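Asks:
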Amino acid sequence: MDKQSGSGKGVRIELVKEGLVFTGEDSPMATVLLSVMGAFAEFERALILERQREGIAAARQRGAYTGRRPALTPEQARELRERAAAGEPKSALARKFGISRETVYSYLRAQSATPVSARA
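In my numbering, the protein residues as written are 52 to 171.
1. How far does the alpha helix (DSSP H) with I99 in it reach, from first residue to last?
2. Report the option in L66, A108, L131, G118 whose CA atom is closest to the CA atom of A161.
3. Which word fits V155, buried or exposed, when buried means at least 16 other C-beta atoms lie within 10 angstroms of its C-beta?
4. Identify, in the order they occur along the chain, each residue of the same chain with its Cβ nearer than 8 Å to the Cβ of S151, setting aside the five sequence neighbours on each side.
5. Excluding the 5 residues preceding and the 5 following I107 in the sequence, name in chain order all residues of the same chain whose CB lies nearer than 7 Å to its CB.
6. Between which two residues does the alpha helix (DSSP H) harbouring E126 extend?
This is the structure in structure tokens:
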């Protein structure tokens, strides 16, 4: 693969700790080794994420994992919704409450997802 034809990108993978170098012009054995190492890395990452989800679920059951605190108090959230319903610009509301515009929209979406009987 040469750079003229465009098929070779000149990519080189060097694993310093293991003393391995892969250039794309390697033997089939080197290509298989790189593929196997990639598969194991992907497998290990999936296991880590699975253990993390299990740990979070266990912590939630114990009541130790409550997640992030809401950005606004219930009173502030109510005021934000009222002002948004009155037509105040979302960016102005975000500045006033010290939150991002996306958080403003998140609070407004949460209101629309709440059943009407629960809002009263």
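Glycine included, C-beta positions come from ideal geometry on N, C-alpha and C. In this text, all values refer to a predicted model and were calculated from it rather than measured experimentally.
Replies: Looking at the coordinates:
1. DSSP places I99 inside the alpha helix (DSSP H), whose first and last residues are 79-113.
2. Ranking L66, A108, L131, G118 by CA distance to the CA of A161 puts L131 first.
3. Around the C-beta of V155, 16 or more other C-beta atoms lie within 10 Å, and the residue is accordingly described as buried.
4. Closer than 8 Å at the Cβ level, and outside the excluded window around S151, lie A145.
5. So the list reads Y116, once near-sequence residues are dropped.
6. E126 -> alpha helix (DSSP H) spans 125-136.
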